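Written below as structure tokens is the structure these notes are about.
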Amino acid sequence: MNYHLEDIVDTGNFVSRERFLSCARPSSVRVPVKKLYFGIDWASKRDNTWAVVGNELNDMADMLKLPNVPYAEQIQLLNDWLRTPRVEVAEDGTEIEYTYEERILAAKGDSTGEGDMPMEILATDTRLPIDSSSHVKFSMQSKDKMYRIVEVAIYKDEGDPLRFSYPADYPLASEFEEQFCALVREYKGEGECLSVHHPDDDPSARDDAPDATALALFARDDGQIGELLVA
């Protein structure tokens with residue numbers, strides 16, 4: 017196939033390094049933070065939990081990598097991050113204090129395996145808008161939907177307000193980039209479902225950060241549909 021004059025094959029990398037790094041934004045660029053969306057990929061024993069906060073324009077506002085400790089400790093660290101006071105500078109220069117927790121409109125988390133339990137704890141211990149639709153069991157169909165949303169956002173033209181972006185100067189940016197650029201794409205289910213995952217032949221490969229990002233964009237996609245229905 018051909019998409020925006022870039023070759024996309026049935027198997028191979030999900031996104032080229034050149035294309036993905038072009039989505040990095042400098043620290044001088046401020047993104048809107050009034051409407052936020054949350055995605056989290058819970059760790060298995062050998063991985064790390066990653067959480068991502070994005071906005072309504074497919075910009076990643078922030079990311080968090082949690083240590084591989086018991087879920088109760090991870091949730092405490094996550095809560096501290098979500099409730100940390102932050103400052104938004106309005107157009108008139110006024111500083112407005114806010115937290116991620118109070119501005120997140122929709123949340124999605126990987127509930128595969130043991131992931132249901134920490135999602136249920138988040139639903140009771142935070143003000144995050146978590147309901148049954150927030151629990152995403154990874155399957156061929158759900159990951160197809162998630163990564164098609166990511167693909168569209170990444171391959172939008174430069175200057176498009178809905179083009180994906182992430183902060184280039186964050187301490188986690190390098191690891192985030194490595195995980196995304198190593199992703200493999202395949203098409204399964206008679207070629208109908210897009211399958212995106214880390215390379216199977218590399219035991220050190222991870223896809224937790226991309227999965228958390230895909231969940232945040234999925235939350236944004238579902239959340240905005242909900243807003244339209246309410247309107």
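Sequential numbering from 17 applies to the sequence shown in the numbering used here. The beta-carbon is built from N, C-alpha and C at its ideal position, and this holds for glycine as well. Only a predicted model underlies this, so the values are computations on that prediction, with no experimental measurement involved.
message = Less than 9 Å between the C-beta atoms of cysteine 39 and arginine 236, yes or no?
response = no
request  = Enumerate in chain order the residues of its own chain whose CB-to-CB distance from methionine 162 is below 6 Å, with the five nearest sequence positions on each side excluded.
outcome  = Ala230, Phe234
Residues near phenylalanine 30 by beta carbon distance below 6 Å, same chain, minus five either side = Leu199, Arg201, Val212
key: Residue burial classification, arginine 119 (beta-carbon count within 10 angstroms, cutoff 16)   = buried
request  = On the DSSP bridge assignment, give the partners of cysteine 209 in chain order.
outcome  = Lys204
ask   = Less than 9 Å separating the beta-carbons of isoleucine 170 and phenylalanine 36?
value = yes
query = From what residue to what residue does the beta strand (DSSP E) around phenylalanine 54 run?
reply = 52-57
query = asparagine 71: beta carbon under 8 Å from a heavy atom of the ligand SAM?
reply = This structure lacks the ligand SAM, and indeed carries no ligand of any kind.
request  = Determine the DSSP secondary structure at phenylalanine 36, reduced to helix, strand or coil.
outcome  = helix
Secondary structure of threonine 100, DSSP reduced to three states = coil
ask   = Roughly how many whole angstroms lie between the Cα atoms of serine 43 and phenylalanine 196?
value = 20 Å
request  = In angstroms with no decimal places, state the Cα-to-Cα distance between tyrosine 13 and methionine 76.
outcome  = Since the first residue of the chain shown is 17 and the last is 247, residue 13 is not available in this structure.
ask   = What is the residue span of the alpha helix (DSSP H) that aspartate 238 lies within?
value = 224-246
query = What alpha helix (DSSP H) runs, 4 residues minimum, are completely inside the stretch 77-138?
reply = 87-98, 116-119
ask   = Based on Cα-Cα distance, which residue from Thr115, Gln157, Val152, Trp58 lies nearest to glutamate 89?
value = Trp58
inquiry  = Within 10 Å of its beta-carbon, does lysine 333 have 16 or more other beta-carbons around it, so buried, or fewer, so exposed?
reply    = Residue 333 is absent from the model: the chain starts at 17 and stops at 247.
ask   = Is the beta carbon of leucine 210 less than 9 Å from the beta carbon of lysine 172?
value = no
ask   = For the putative contact between threonine 110 and arginine 102, defined by C-beta atoms under 8 Å, what is the C-beta separation to the nearest angstrom?
value = Not a contact, Cβ separation roughly 15 Å.
query = Which word fits aspartate 224, buried or exposed, when buried means at least 16 other C-beta atoms lie within 10 angstroms of its C-beta?
reply = buried
key: Which of helix, strand or coil DSSP assigns to valine 152   = strand
Neighbour-count burial assignment, lysine 124, 16 or more Cβ in a 10 Å radius = buried
task = Identify whether aspartate 185 lies in helix, strand or coil by the three-state DSSP scheme.
result = coil
ask   = For the candidate residues Leu82, Tyr186, Pro86, Glu104, whose alpha-carbon lies nearest to that of leucine 94?
value = Leu82
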